[in-house]
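Remarks on the structure that follows.
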């Protein structure tokens, strides 16, 4: 067994040195290769935020992200309108025309179609705001008081607007149930559709159906359920053990095995499922509950791995190792709560080290690429 492990690591190192990350020629999403060089598959698992609106592609921050996309070190980016460090708006979003040009600029550099993501839930959580020329959007709570058909129609309108400007991933809808109406991250912001599990599930599914009709990849969040939490995982570790209810899984029990969307895991502790790790880093929750028990075979994405809920407790490389081995496919670093100008390549290098050391297996990387590849086939 030790000899076999040794030779596997040798083969991994040879793969790292012999094959360029951008070995795959630029291809349409429906024709993506089943196999890629290891470092290219790693890149497809990484989504990062960056500073820059594209107006000056040669400034260091923009040049770095464009180089990382071109080299295949990242497979997705996420836009924010506000920079948490500088407290200024306009980080990636200033106008409809600007975002359209930025999306085209980034996509043109990608050897494999790029996930370009945004949090556009509606209401308080929208990165494309009316003061930048985008349409106002209702909160999920407001939509939950209407019919599911009206919710789907609202999502079609939103998805069509996103698609026109080049965004292809929306981290919405929130599938959480407003169990605790003053939950600082969910209920207090009107992010849940309802306090009734069946109503919340029906409207979340309708919203996703609307996004899917417009070829936007949505993401149900925050598995296994953030709606009962009394704390906000942006700021502290959130334990839902005493408040979580089984009916928070209502929607997830109805998912098709391979829908054209993602599921986002939250930084949520539930000691009944895993006494040691939060959902985003837990194999027992991500693989044991979501995949094995509930049957989800599609892409799983983490919530931002820079949130204080886990950033305070786990070093970056440990967060990455735990998330990947938990069964996560896309590692999200918003690069906003904390900022590093070369975050994409830092994360890529960390994963490569983990593979080279044997802490993460090449097979685990290939498994995620297979799911990402299938999802990117929907970007036609």
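Residue numbers (mature numbering (1 follows the signal peptide of the UniProt record, and there is no 0)): -23 to -1, 1 to 357.
From the three backbone atoms N, C-alpha and C, an ideal C-beta is built for every residue, glycine too.
As the structure is a prediction and not an experimental result, all values here were calculated from the model.
Start and end of the beta strand (DSSP E) containing residue i?
i: residue 199; result: 194 to 200
i: residue 97; result: 97 to 99
i: residue 39; result: Per DSSP, residue 39 belongs to no beta strand (DSSP E); it is in the alpha helix (DSSP H), 37 to 47.
Tell me the rounded alpha-carbon separation between residue i and residue j.
i: residue 118; j: residue 51; result: 34 Å
i: residue 264; j: residue 304; result: 6 Å
i: residue 357; j: residue 189; result: 12 Å
i: residue 16; j: residue 317; result: 21 Å
i: residue 282; j: residue 127; result: 34 Å
i: residue 244; j: residue 302; result: 16 Å
i: residue 261; j: residue 254; result: 9 Å
i: residue 329; j: residue 113; result: 42 Å
i: residue 308; j: residue 106; result: 26 Å
i: residue 49; j: residue 299; result: 23 Å
i: residue 24; j: residue 101; result: 23 Å
i: residue 73; j: residue 58; result: 12 Å
i: residue 172; j: residue 129; result: 19 Å
i: residue 1; j: residue 162; result: Residue confidence is low: residue 1 scores 41 on pLDDT, short of 50, so the model does not pin down where it sits. Its coordinate-derived value is still stated next. Rounded to whole angstroms, residue 1 to residue 162 spans 41 Å at the Cα level.
i: residue 327; j: residue 18; result: 14 Å
i: residue 30; j: residue 179; result: 37 Å
i: residue 233; j: residue 198; result: 16 Å
i: residue 81; j: residue 8; result: 20 Å
i: residue 286; j: residue 138; result: 33 Å
i: residue 365; j: residue 33; result: The structure shown does not extend to residue 365, since the chain is modelled only from -23 through 357, so no value can be given for it.
i: residue 26; j: residue 157; result: 31 Å
i: residue 273; j: residue 79; result: 33 Å
i: residue 181; j: residue 70; result: 26 Å
Using a 10 Å radius around the Cβ and a threshold of 16 neighbouring Cβ atoms, would you call residue i buried or exposed?
i: residue 150; result: buried
i: residue -3; result: Residue placement at residue -3 is poorly supported in this model, since its pLDDT is 39, which falls under 50; the coordinates still yield a value, given next. Result: buried.
i: residue 236; result: buried
i: residue 62; result: exposed
i: residue 251; result: buried
i: residue 85; result: exposed
i: residue 175; result: exposed
i: residue 258; result: buried
i: residue 97; result: buried
i: residue 43; result: buried
i: residue 289; result: exposed
i: residue 201; result: buried
i: residue 11; result: exposed
i: residue 36; result: exposed
Residue range of the alpha helix (DSSP H) that residue i falls in?
i: residue 57; result: Looking at the DSSP string, residue 57 is not in any alpha helix (DSSP H), and its letter there is neither H nor E.
i: residue 139; result: 125 to 142
i: residue 339; result: 339 to 353
i: residue 184; result: 174 to 190
i: residue 225; result: Note, residue 225: premise wrong, no alpha helix (DSSP H); not H, not E.
i: residue 121; result: 117 to 121
Measuring only from the beta carbon, is residue i closer than 7 Å to any heavy atom that is part of the ligand FMN?
i: residue 246; result: No copy of the ligand FMN occurs in the structure displayed, which carries no ligand at all.
Going by DSSP, what residues sit across from residue i in a beta bridge?
i: residue 147; result: 95, 195
i: residue 25; result: 54, 310
i: residue 216; result: 246
i: residue 298; result: In the DSSP output, where bridge partners are listed per residue, residue 298 has none listed.
i: residue 75; result: DSSP lists no partner for residue 75.
i: residue 103; result: 97
i: residue 362; result: Outside the shown range of the chain, which is -23 to 357, sits residue 362, and nothing can be said about it.
Next item on the list: Could you pull out every unbroken beta strand (DSSP E) segment of at least 3 residues lying fully inside the stretch 303 to 331, listed in chain order?
Entry: 308 to 310
Checklist line | Start-end ranges of the alpha helix (DSSP H) lying completely within the stretch 233 to 293, minimum 4 residues | finding: 285 to 288
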